[in-house]
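So the structure is just underneath, and the comments pick up after that.
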Amino acid sequence: MAAAAAVDPATAYKLLLSCPTGLPQSRVSVKFDQSFDRIPHPDAALEESINEIWNQRLQQNPSLYSGTKFRPQEIGILNHQADEKDLALINERVSREMFDGIIREVVEETGVPANSLTEPVFIGVSRREMNVRPTAFFFTKCSIDSSGVHELYSTAQDGYESTKMYAVSEEELRGMTKRMPGCHCGGFALYKLMRNAAKKL
2 MAAAAAVDPA
12 TAYKLLLSCP
22 TGLPQSRVSV
32 KFDQSFDRIP
42 HPDAALEESI
52 NEIWNQRLQQ
62 NPSLYSGTKF
72 RPQEIGILNH
82 QADEKDLALI
92 NERVSREMFD
102 GIIREVVEET
112 GVPANSLTEP
122 VFIGVSRREM
132 NVRPTAFFFT
142 KCSIDSSGVH
152 ELYSTAQDGY
162 ESTKMYAVSE
172 EELRGMTKRM
182 PGCHCGGFAL
192 YKLMRNAAKK
202 L
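Okay, structure coming up:
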C-alpha cells in the first residue's frame with residue numbers, strides 16, 4: 002500500500018465551522034467582547050519587535066495601511082465599555098458590518114457596482130494550521146459576466162491591492178489551492194461543501 006502524500010504545512014487547514022446552505026445576516030449573531038481581542042505576546046521585546054518591523058516596512062513602502070480588516074471605530078464603537086442595554090445593539094452593528102464589509106471589499110477591489118451583487122451568505126470559518134489564523138468566508142454572486150468584470154477591475158478603487166484578476170473554472174481553482182495559504186484552502190473546501198449542498202436541493 003502506498004503511503005499517503007504529506008500535507009504541505011503552508012496549505013494545511015482545519016474547518017472550524019461549516020454552513021453549506023449559507024446563512025444570511027438575519028441568522029448570524031456576533032459577540033463583540035475583549036476576551037476575543039489579540040493577546041500581546043508575553044515577551045515584551047518580541048512584541049516591540051513587531052512595531053519595529055512594521056516601521057521598517059512602512060519606510061520601504063509608504064502605501065502600506067496599518068489596520069485590521071475589522072475596524073470597530075468605523076461603525077461607532079470606540080471600546081468594549083458598554084452597559085448591558087447597549088451590548089445587543091453593538092453586537093447587531095458588528096454583525097451587519099461583517100456582511101456590509103464583504104460587499105464593500107468586493108466593490109473596492111474589483112470595481113463591480115454593489116447593485117450587481119447578491120446579498121452575501123456566511124458559509125463558514127477555516128483556520129490555517131501554520132499560524133492558527135482563522136478566516137470567515139462568505140459567498141455572493143455577480144450579475145456581470147467575466148469580461149465585464151475584467152473591464153471594471155482596471156478602474157477599481159483598490160485595484161492596486163492585487164496584480165491580476167482571473168476567471169477560472171472550479172477545476173482550475175482546485176489546482177490553484179496548491180499555492181494558497183491554508184486558511185484559503187479551507188475557504189475552497191467550504192465553497193465545495195456549499196456547491197454540493199446546492200446540488201441536493
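Take the sequence shown: its position 158, counted from the start at 1, is 159 in the numbering used here, and no numbers get skipped. Just so you know, even glycine gets a beta-carbon here, dropped at the ideal spot from N, CA and C. All values reported here derive from a predicted model rather than from experimental measurement.
- From the DSSP output, which residues share a beta bridge with Pro182? As a first step, residue 182 must be located in the sequence shown, where it is residue number 181. Its beta-bridge partners do not exist; DSSP assigns none.
- Roughly how many angstroms lie between the CA atoms of Ala6 and Glu98, to the nearest whole one? To locate residue 6, count along the sequence shown from 1; it is residue 5. To locate residue 98, count along the sequence shown from 1; it is residue 97. Low per-residue confidence applies at Ala6: pLDDT is 47, beneath 50, and the placement is therefore not dependable enough to give any value.
- Item | Cα-Cα separation, Ala13 to Ser163 | For the purposes of this step, residue 13 is identified with residue 12 of the sequence shown, where counting begins at 1. For the purposes of this step, residue 163 is identified with residue 162 of the sequence shown, where counting begins at 1. For Ala13 and Ser163, the distance between alpha carbons rounds to 24 Å.
- On the three-state DSSP scale, how would you describe Gly125? If you number the sequence shown from 1, residue 125 lands on position 124. Strand, per DSSP.
- Message: Any contact between the stretch 127-134 and the stretch 182-195? By contact I mean 3 or more CB pairs, one from each, below 8 Å.
- Response: At 8 Å Cβ cutoff, the stretches touch.
- Gly176 vs Phe138 beta-carbon contact at 9 Å: Counting from 1 along the sequence shown, the entry for residue 176 is found at position 175. Counting from 1 along the sequence shown, the entry for residue 138 is found at position 137. Contact flag unset, no.
- Message: Taking only three categories from DSSP, how would you classify Lys15?
- Response: Looking up residue 15 in the sequence shown gives position 14. Strand at Lys15.
- First and last residue of the uninterrupted beta strand (DSSP E) at Arg134: Reading the sequence shown from its first residue, position 133 is the one you call residue 134. Residues Arg134 to Phe140.
- Item | Spatial distance of Thr141 from Ala46 (CA atoms) | Sequence index remark: in the sequence shown, residue 141 carries index 140 (1-based). Sequence index remark: in the sequence shown, residue 46 carries index 45 (1-based). Straight-line spacing of the CA atoms in Thr141 and Ala46 works out to 43 Å.
- Message: Quick check on DSSP: helix, strand or coil for Thr164?
- Response: To locate residue 164, count along the sequence shown from 1; it is residue 163. Reduced to three states, the DSSP call for Thr164 is coil.
- Exposed or buried, Gly125, counting other C-beta atoms within 10 Å across all chains shown (16 or more means buried)? Against the sequence shown, residue 125 aligns to sequence position 124. It is buried - the Cβ of Gly125 has at least 16 other Cβ atoms within 10 Å.
- Item | Residues near Ser155 by beta carbon distance below 7 Å, same chain, minus five either side | Here residue 155 is taken as the residue at index 154 of the sequence shown, counted from 1. Taken in chain order, the list of residues that qualify is empty.
- Message: Taking its Cβ as the centre, do 16 or more other Cβ atoms sit within 10 Å of Leu17, making it buried, or is it exposed?
- Response: Taking the first residue of the sequence shown as position 1, residue 17 is located at position 16. It is exposed - the Cβ of Leu17 has fewer than 16 other Cβ atoms within 10 Å.
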